[in-house]
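From first to last, the protein sequence lines stand for chains A and B.
Using the UniProt record's numbering, the first residue of the first sequence is number 1, and each one after it goes up by one.
Using the UniProt record's numbering, the first residue of the second sequence is number 1, and each one after it goes up by one.
Notes follow once the structure below has been shown.
There are 2 protein chains.
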Amino acid sequence: MGSDTGGSRYLEIAEALRQSILSGEHPVGARLPSESDLAAHWSVSRGTVRQAVGLLASEGLIGSRQGARRVVLRQERRHSFQQLNSFAQWAQAMGCEVSSLILSRTTRPATAEEASRLGVAPDSEVLYVVRVRRLDGEPVMVERTAYTEWVAPVVRALPDDVVSIMNSIAENAGIVAHYGEHLIDAVAAGSEDARLLRVRRASPLLRQRHLTNTAAGRPIEWTDDRYRAGSVAFSVSNSAAAAPLERQAGPEVTRGPSGD
Amino acid sequence: MGSDTGGSRYLEIAEALRQSILSGEHPVGARLPSESDLAAHWSVSRGTVRQAVGLLASEGLIGSRQGARRVVLRQERRHSFQQLNSFAQWAQAMGCEVSSLILSRTTRPATAEEASRLGVAPDSEVLYVVRVRRLDGEPVMVERTAYTEWVAPVVRALPDDVVSIMNSIAENAGIVAHYGEHLIDAVAAGSEDARLLRVRRASPLLRQRHLTNTAAGRPIEWTDDRYRAGSVAFSVSNSAAAAPLERQAGPEVTRGPSGD
DNA sequence: GTGTGCAACTTGTTCATACAAGCTGGCATC
DNA sequence: GATGCCAGCTTGTATGAACAAGTTGCACAC
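In C-alpha cells:
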C-alpha cells in the first residue's frame with residue numbers, strides 16, 4: 001500500500017515523473033523532456049502524457065508556458081487531500097507520533113453558524129466534540145467539531161483516544177470524506193485554548209475551520225481547529241493558470257449596506 | 001478586460017457554466033447536464049466540454065464522481081491568481097477602497113532566508129520595502145518585501161502611494177508574475193506591527209509569506225505580509241481528486257535527528 | 001561582432017472514437 | 001411490500017490526428 005497509483009496509466013507516469021523530480025534526476029530549473037518524447041518513452045499517446053504532467057502542474061511541481069518546455073519548479077512532495085482533511089494522516093505521513101484525546105462529547109442544538117454550514121434545520125441537534133491533539137507528546141491543536149446527526153452514532157461509539165475519526169467512520173460506516181471547504185485565519189487564544197495548548201491567553205493561534213462533505217455532497221462535520229503558532233503552516237502553490245486559494249474579507253471589514 | 005475569456009472555446013463554455021451557477025440557474029446540489037448534452041448544446045466535442053467542467057471542478061464550484069452526473073457544490077465566485085498575489089487587485093474586486101503607503105525603501109544585503117528563497121548569492125543586495133495597506137481607511141496589513149536586484153530599479157522609481165507594485169512593474173517593465181508559493185501561519189504582532197496596524201503588541205496576526213516568480217521561473221520578490229486578525233481569511237476548496245494546499249510543520253515541531 | 005529573422009520545436013486547443021468503470025432507477029422476483 | 005439485479009446512462013481513460021500559438025537557437029546579413 002502507499003504507492004498504489006490506482007491502475008490508470010497516466011497516474012503511473014505522473015508518479016514516475018514525480019519520483020524523478022524528487023530524486024533530483026530533474027533538478028529545479030531543469031527542463032523536462034517534451035511531451036512527444038515522454039509519449040514515445042512510455043508508449044502512450046500525447047494526451048495521456050498531458051494528463052500526467054497536468055497533474056504535476058496542479059501540484060505545483062512543474063510549470064509550463066506555451067511554446068517552451070516544462071520546467072521543474074519545486075523538489076518537494078505535495079500531500080494529498082487526506083492530509084489536509086485529516087490531521088492524523090498528515091502527521092503520520094510526516095513521521096510524527098500523533099496522539100489525541102477527546103475531552104467531551106455533547107449532544108446539543110446546533111448554533112446558527114453550524115446549522116447554516118451543515119445545511120440542517122436551526123433547531124436540530126449536533127454532536128459536539130472537543131479534542132486535543134499532540135505531536136510527539138506536545139499539545140499542538142485544539143479541535144472543536146460539530147457532527148451531523150446521521151454520523152453522530154458512529155462517532156459516539158469511538159474510544160476517547162481514537163487517532164483518526166474520519167478514518168474510523170470510513171471503516172466502520174463507509175462514510176468517506178470527498179470534498180472540503182477550508183477557512184484559514186488567526187485568532188487569539190481563549191482561556192480554554194490557552195490551558196489546553198499550554199500557551200498564554202491571547203497568544204496567536206492559526207485557525208482552520210472546515211466543512212467536510214461526502215462524495216454525494218452531504219455535509220459530515222463542521223470543525224474549528226486551532227494550532228499553536230509556530231507548530232504548523234499551510235503551503236499553497238499557484239500559477240496564472242490555476243489559483244486554488246482565495247483571500248476573503250473578515251468580519252471587521254464592513255462595506256456599507258450590503259451584508260447578506 | 002474583465003470577462004475576456006481569451007478566445008479558447010472551452011474557456012467560453014466554462015465562463016457560461018460559471019455564470020449559470022452563479023446566477024442560480026443551477027442551484028447548489030443540482031445536477032449539471034451530462035457531458036454529451038453539453039457538447040451537443042455547444043456544438044463541440046466531449047473533450048472540450050471536459051476541459052471546461054474540469055476547470056470549474058478545480059475552482060471548487062462543481063464536483064464529480066465516475067458514473068454520476070456532476071453536482072453544483074458552491075455558488076460563489078473564486079478569484080483568480082492575481083487576487084492571491086496582489087492585495088490591490090483583490091481589494092478592488094471586492095469593492096473596497098484600498099490605499100497604500102511605502103514607509104521605507106532600503107538597499108541592503110539579503111538575509112540568509114531571502115537569499116535562499118530568491119535564489120541569489122548570500123551577499124548580494126536586495127531592495128527591502130516596508131508598506132502599510134489600508135482598506136476603507138483602516139490599516140489592515142503590513143508588507144515587508146525583498147525585491148531581487150534586477151527588478152529593484154523599477155520599484156525604486158515608483159511613488160510612495162502606488163496602489164499595486166506588481167501591476168506597475170508589469171506595465172512599466174513587462175515583468176509579469178506567473179507562479180506563486182505561499183506559506184500561511186499565525187504570529188504575534190511585534191512592536192512595529194502593533195504600531196502600524198494599531199493593535200496591541202503580541203496580538204494575533206495572520207501571516208502570508210510568498211515568493212513570486214515570472215513565467216520563466218525567475219524569482220521576483222519574497223514577501224512577509226501580516227494581516228490584522230479578523231480582517232482577512234483564506235479560503236480553499238479541495239476534493240479527493242485535487243488538493244492544492246498542504247499542511248506543513250513549523251519550526252517548533254522538531255523530530256529528533258533528522259533536521260536538514 | 002552584432003543584430004535580425006526564420007525554421008524547427010514545443011505546448012495549447014480541438015475533434016471523433018472506443019472502451020472501462022461506476023451509478024441509478026425501474027423491473028422482476030420473492 | 002421489500003429486495004435484488006440488470007440495462008442504460010454517465011463519467012473516466014486512452015488513442016491518433018490536425019492545426020494554432022508561442023519559444024528558442026541557429027544561420028545569415030550587415
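In this text, a Cβ means the ideal position worked out from N, Cα and C, and glycines have one as well.
Min CB distance residue i to chain A below 7 Å
i: Asp185 (chain B); result: yes
i: residue 294 (chain B); result: For residue 294 (chain B) there is no data in the structure shown, the boundaries of chain B being 1 and 260.
i: Asn238 (chain B); result: yes
i: Glu12 (chain B); result: no
i: residue 304 (chain B); result: Look at the range of chain B in this structure, 1 to 260, and you will see that residue 304 (chain B) is not part of it.
i: residue 296 (chain B); result: Here chain B covers residues 1 to 260 and nothing more, so residue 296 (chain B) does not appear.
i: Ala188 (chain B); result: yes
i: Leu84 (chain B); result: yes
i: Gly259 (chain B); result: Confidence is the limiting factor: at Gly259 (chain B) the pLDDT is only 32, short of 50, which leaves the residue's position unreliable, though a coordinate-based value still follows. No - not a single Cβ of chain A is within 7 Å of the one on Gly259 (chain B).
Under the three-state DSSP convention, the category residue i falls into
i: Gly217 (chain A); result: coil
i: Pro109 (chain A); result: strand
i: Glu25 (chain B); result: coil
i: Gln89 (chain B); result: helix
i: Asp37 (chain A); result: helix
i: Thr48 (chain B); result: helix
i: Ile165 (chain B); result: helix
i: Trp42 (chain A); result: helix
i: Arg117 (chain A); result: helix
i: Pro122 (chain A); result: coil
i: Gln208 (chain A); result: strand
i: Pro153 (chain B); result: helix
i: Ile62 (chain B); result: strand
i: Ile13 (chain B); result: helix
i: Ala188 (chain B); result: strand
i: Leu197 (chain B); result: helix
i: Ala74 (chain B); result: Per the sequence shown, residue 74 (chain B) should be read as Arg rather than Ala. Arg74 (chain B): coil per DSSP, three-state reduction.
i: Leu158 (chain B); result: coil
i: Trp171 (chain A); result: Here residue 171 (chain A) is Glu; the residue named in the question, Trp, does not match the sequence. Of the three classes helix, strand and coil, the one that applies to Glu171 (chain A) here is helix, per DSSP.
i: Gly180 (chain A); result: strand
i: Gly259 (chain A); result: Only weak support is given to the placement of Gly259 (chain A): the predicted model assigns it a pLDDT of 32, under 50, and the value that follows is read from those uncertain coordinates. The answer is coil: DSSP assigns Gly259 (chain A) none of H, G, I, E or B.
i: Ala57 (chain B); result: helix
i: residue 270 (chain B); result: This structure leaves residue 270 (chain B) out entirely; chain B is present only between 1 and 260.
i: residue 261 (chain A); result: It is not possible to answer for residue 261 (chain A), since the shown part of chain A is limited to 1 through 260.
i: Ser235 (chain A); result: strand
i: Ala8 (chain B); result: First, the residue type needs correcting, since residue 8 (chain B) is Ser and not Ala in the sequence shown. Coil at Ser8 (chain B), not helix or strand.
CB contact below 7 Å: residue i versus chain B
i: His26 (chain A); result: no
i: residue 261 (chain A); result: The shown model of chain A, from 1 to 260, leaves out residue 261 (chain A), and the question about it has no answer.
i: residue 266 (chain A); result: Shown here, chain A extends from 1 to 260; a query on residue 266 (chain A) therefore has no answer.
i: Ala40 (chain A); result: no
i: Ser8 (chain A); result: no
i: Ile21 (chain A); result: no
Nearest-angstrom Cβ-Cβ length linking residue i and residue j, presumed shorter than 8 Å
i: Val72 (chain B); j: His41 (chain B); result: Their Cβ separation, rounded to whole angstroms, is 17 Å, which puts Val72 (chain B) and His41 (chain B) out of contact at 8 Å.
i: Ile13 (chain A); j: Thr48 (chain A); result: 7 Å
i: Gly63 (chain B); j: Ser231 (chain B); result: Contact doesn't hold; Cβ gap of about 31 Å is too wide.
i: Glu143 (chain A); j: Arg131 (chain A); result: 4 Å
i: Ala186 (chain A); j: Ala186 (chain B); result: 4 Å
i: Arg70 (chain B); j: Val28 (chain B); result: Wrong, their Cβ atoms sit about 13 Å apart, outside the cutoff.
i: Val154 (chain A); j: Asn172 (chain A); result: 6 Å
i: Thr223 (chain A); j: Thr107 (chain A); result: Thr223 (chain A) to Thr107 (chain A), Cβ: 17 Å. No contact.
i: Arg9 (chain B); j: Val44 (chain B); result: 6 Å
beta-carbon residue i near the ligand MN non-hydrogen atom, thresh 6 Å
i: Ile184 (chain B); result: Ligands are entirely absent from the displayed structure, and the ligand MN is therefore not among its contents.
Evaluate contact between the segment 194–205 of chain B and the segment 158–177 of chain B, counting only Cβ atoms and requiring at least three cross-stretch pairs below 8 Å. Taking a contact to require three or more Cβ pairs closer than 8 Å, the segment 194–205 of chain B and the segment 158–177 of chain B do not qualify as touching.
Members of the segment 201–216 of chain B near chain A, C-beta cut-off 9 Å: Residues passing the 9 Å Cβ filter: Ala202, Ser203, Pro204, Leu205, Leu206, Arg207, Gln208, Arg209, His210, Asn213, Ala215 and Ala216.
Can you confirm whether the segment 171–191 of chain A touches the segment 205–219 of chain A when touching is taken to mean that 3 or more C-beta pairs between the two stretches lie within less than 8 Å? Look at the beta carbons and you see the segment 205–219 of chain A touching the segment 171–191 of chain A: at least three pairs across the two are nearer than 8 Å.
Just by C-beta distance, which residues in the segment 167–185 of chain B are closer than 7 Å to chain A? Within the segment 167–185 of chain B, the qualifying residues are His178, Tyr179, Gly180, Glu181, His182, Leu183, Ile184 and Asp185.
Is it true that the segment 53–66 of chain A meets the segment 85–92 of chain A, where meeting means three or more beta-carbon pairs spaced less than 8 Å apart? Short answer: they don't touch.
Check whether the segment 127–139 of chain A and the segment 204–212 of chain A touch, using three or more Cβ-Cβ pairs below 8 Å as the test. The segment 127–139 of chain A vs the segment 204–212 of chain A: no contact.
Listed from N- to C-terminal order along the chain, which residues in the segment 59–70 of chain B have their beta-carbon within a distance smaller than 9 Å of any beta-carbon of chain A? Listed by position, the residues of the segment 59–70 of chain B near chain A (Cβ gap below 9 Å) are Glu59, Gly60, Gly63, Arg65 and Ala68.
With three or more C-beta pairs closer than 8 Å as the rule, is the segment 95–109 of chain A touching the segment 216–231 of chain A? Segment contact: the segment 216–231 of chain A against the segment 95–109 of chain A, fewer than three CB-CB distances shorter than 8 Å; contact not assigned.
Contact residues within the segment 131–148 of chain A, judged by C-beta distance below 8 Å to chain B: Result list: Leu135, Asp136, Glu138 and Val140.
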